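Mapping of the first sequence onto the numbering used here: position 515 corresponds to residue 515, and the numbering continues sequentially without gaps.
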Amino acid sequence: MTLHVTLPDGSLLELDDDATVRDAAAAIGQRLAKAAIGARVTSRDDPDVTLLVDSSAPLHDGDRLEVVTLKGDDPGAVDMLRHSAAHVMAQAVLRRFPGTSFAIGPTIENGFYYDFAFPEPITDADLDAIEKEMASIVGENLPVERAELSVDEALAVFGAGEPGASESGLPLGLDQPFKVELIEDLVAAAEAEGSEVPVISVYRQGDFVDLCRGPHLPSTGRLGKGTFKLTSLAGAYWRGSEKNAMLTRIYGTAFATRDELKAHLEALELARQRDHRRIGRDLDLFSFHEEGPGFPFFHPRGMRLWNAIVDFWREEHVRAGYEEISTPVILRRELWERSGHWDNYKDNMYFTEIDEQPYAVKPMNCPGGLLVYKNRRRSYRDLPLRMAELGRVHRHEMSGVLHGLFRVRYFTQDDAHIYCTPEQLEGEVRGVVRFMHHIYASFGFSDVRIELSTRPEKSIGSDEMWATAEGVLTRVLDAELTPDGAPLPYQLNPGDGAFYGPKIDFHIRDVMGRTWQCGTIQVDFAMPERLDITYTGADNEEHRPVMIHRALLGSIERFMGILLEHYGGNLPTWLAPVQAVVIPIADRHAEYGREVLAELRAADLRAELDDRSESMGKRIRDGQLQKVPYLLVVGDREQEAREVAVRERGEQKGAAPLAAVVAGIAGEVRERALPSQ
RNA sequence: GCCGGCGUAGCUCAGUUGGCAGAGCAGCCGCCUUGUAAGCGGCAGGUCGGCGGUUCGAGCCCGCCCGCCGGCUCCA
């Protein structure tokens, strides 16, 4: 038996019945490299359906074939493949667990999921069985067929009616309540819009039918063996609302080729090794204890990193014209009622009682800061007044959301409040935007995404105030340039602002491509009003200042976690908890070792001496595992010449004079040099 | 808070049908005195997360609680 495929130039290629993409490529003289090569195949039935397939994928008579290099740059095709994988998974689940209802199963970054209501809970162990069933569905190579139904027909398929089969062979009476709800919603939405009652498209493969917009692979066999994997089991609310039933979500990942799947799984493993919780334990930086879930304990080395961040932060704030204040952690409840936090935030606050008076632990720093502002009369000559505070706030986060340093119940905001006149607002906002970029770049984050959020439906303040504030933020962002001189890109989020004012949020992208919201600039006309703060103008009248809330790093704790994962623990020297370890080879070098240590410490470096009675290899290894940037080995030769043998980040650099090495490291720290990436 | 999973030494993990709690690493002591990622020997280390139950007997079975992990919702 033979099959024919059409090549891009229109010619026909004759191949054996069981030919694969690789065979076809060979036949036309194209060699397939092991990785990153596959083919674009257009279905014989539907010229709109094109997909990228693994080189081992079987070919079908009538396929249109184009052999291409896969660079993961064909998201449409990969997305389609993942969506088909989700259908195959749902089919496998229904086969293995009859009586299961299935809800929604979209594609996500790197994969897909599907939500189910199982008659009995399933466990991780069941994932293997489902994966096996998926493999057999792939092996059956069921054709995937699209059908377009009227609402009534669709309800007959997914409703609880009499089981059977329609004239076109679709099963009836599947009794899938989630699907029925979705169909009813489509109808309701169409009616609300006054548009036509929609045609409902469904996709069918064998005994499985799903409500779906498509597109899909032409048959289940197009999913390459070993190109998908079920990764985890989780709970998720039906339609994302915690008021609804909790469904069981199965996550999977799928790629066009096996190599890509393998690479993805390896990347996941690498990410696990970069987990800041692991690094925090291995480098003895911080810990968590049952006695205080969500409350981090910082160890001596963790505080070294903390202080390196904070020292830099303080230095920069002095330069940028900020004053630093500190306000109490516990304040009378009455203040929180006045500030509005009681109404908006009390579920997340901690309370206590002192001398029979109700108190609250601060979840934010602004009310305390405002009391400092109010402590005396302020003049227009005092403005702009920039008051920064490393404020430790406590928030009673739900237990299920705690996650290392990323989500904790106390954290230290690098907060600041800027009080200024309306005329000064634009200049102040511009200053903060530039400050923000400077600070991120200093830590090695140059990829920053900016979002501008404007007036929400529920808001306070006059139209004029909002127009002014939004105008200021927009003008500032529109005028800013990137370092390359291009206009600064930003995303507009209409209606996403705080209830008291519009805001600019800053998201930094780490080395793994994840983004983290850190900085925020919020313009606030409301709080000055609520707490009645004023300044005396040149006209001797009382005026209301504008208040800017801003944070750069967001939370020192979380930022520390981001740094640790971004650098995989290999922090720039200026941040490293231990910057250098001196390793004397034998006992007779210990004295010179102590001298080297003294020199390093005299240069304000965080240095240690490892004179344990362990082999040198062992001590080198420990230093590497502790991610110490400089290991300085001293033996007979070095002692003789007053040198040190330098090992910098795992690389031997040879010996150099002690004074020069110390000066070099100290210089790197002083400049806060970043590792070249 | 909700869904699912998991709690054995500081860490990583063994522990059979319920029948005397183990290993490696880390720690401590000693030996070795070392030339760039684990030298050798010894010692010590545990209310098996907690409480209750079933049983002659529970690390193992059951219930409740606590904590952690992966998600959902929420969020710096």
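Glycine residues also receive a C-beta, built at the ideal position from the N, C-alpha and C atoms.
Quantities reported herein were computed from a predicted structural model and do not represent experimental measurements.
Backbone CA spacing between residue i and residue j [nearest angstrom]
i, j, result
"E133", "W574", "53 Å"
"L261", "F255", "5 Å"
"G292", "R395", "13 Å"
"L553", "F116", "39 Å"
"R544", "Y535", "6 Å"
"L402", "Y630", "35 Å"
"R381", "R430", "20 Å"
"D414", "R274", "25 Å"
"R670", "A103", "57 Å"
"E162", "L155", "12 Å"
"L270", "G111", "18 Å"
"G72", "V78", "Any reading at G72 is ruled out, since the residue's pLDDT is 44, under 50, leaving its predicted position unreliable."
"A416", "F506", "16 Å"
"M571", "D539", "Looking at the sequence itself, residue 571 is Leu, so the reference to Met does not match. The alpha-carbon atoms of L571 and D539 are separated by roughly 53 Å."
"G164", "E457", "50 Å"
Residue i and residue j closer than 9 Å at C-beta
i, j, result
"P171", "S101", "no"
"G404", "F295", "no"
"R509", "V448", "yes"
"G623", "R647", "yes"
"L481", "E451", "no"
"T123", "L233", "yes"
"V546", "F525", "yes"
"V393", "P363", "yes"
"G240", "N141", "no"
"I137", "G206", "yes"
"V144", "G159", "no"
"R519", "R475", "A quick correction: the sequence has Gly, not Arg, at residue 519. Cβ distance not < 9 Å, so G519 and R475 don't count as in contact."
Any non-hydrogen atom of the ligand ZN closer than 8 Å to residue i Cβ
i, result
"R642", "Among the components modelled here there is no ligand, and therefore nothing to report on the ligand ZN."
Secondary structure of residue i, DSSP reduced to three states
i, result
"A526", "helix"
"T474", "helix"
"S459", "coil"
"H60", "coil"
"D415", "strand"
"Q205", "strand"
"K229", "strand"
"K653", "strand"
"I37", "Only weak support is given to the placement of I37: the predicted model assigns it a pLDDT of 36, under 50, and the question is left unresolved by the model."
"S195", "coil"
"I354", "strand"
"E643", "strand"
"A103", "coil"
"A696", "Only positions 1 to 677 of the chain appear in this structure, which leaves residue 696 out of reach."
"F506", "strand"
"G340", "coil"
"L174", "coil"
"T454", "coil"
"P629", "coil"
The alpha helix (DSSP H) enclosing residue i, as first and last residue numbers
i, result
"F158", "151–158"
"C366", "366–374"
"M398", "Neither: M398 is in no alpha helix (DSSP H) and is coded neither H nor E."
"N307", "300–319"
"I620", "616–625"
"M665", "Correcting the residue type first, residue 665 is Ile in the shown sequence and not Met. Note, I665: alpha helix (DSSP H), 658–670."
Cβ shell of residue i (< 7 Å), same chain only, five flanking positions each side left out
i, result
"S676", "none"
"Q357", "R332"
"A129", "R96"
"E557", "P296, L405, V408, F411, T412"
Endpoints, the beta strand (DSSP E) within which residue i is located
i, result
"M1", "Counting along the chain, M1 falls outside any beta strand (DSSP E), and DSSP gives it neither H nor E."
"L261", "No beta strand (DSSP E) holds L261; the alpha helix (DSSP H) holding it covers 258–273."
"H549", "546–555"
"A607", "607–609"
"V581", "580–584"
"D115", "111–117"
Contacting residues, own chain, Cβ-Cβ under 8 Å from residue i (five flanking each side not counted)
i, result
"G226", "R258, L261"
"P487", "D478, E480, L481"
"A666", "A603, D604, L605"
"E14", "T2, L3, H4"
Beta-carbon contacts of residue i that lie in its chain and below 6 Å, excluding the five residues immediately before and after
i, result
"A19", "L59"
"P494", "T454"
"C212", "Y203"
"A236", "D115, L247, R249"
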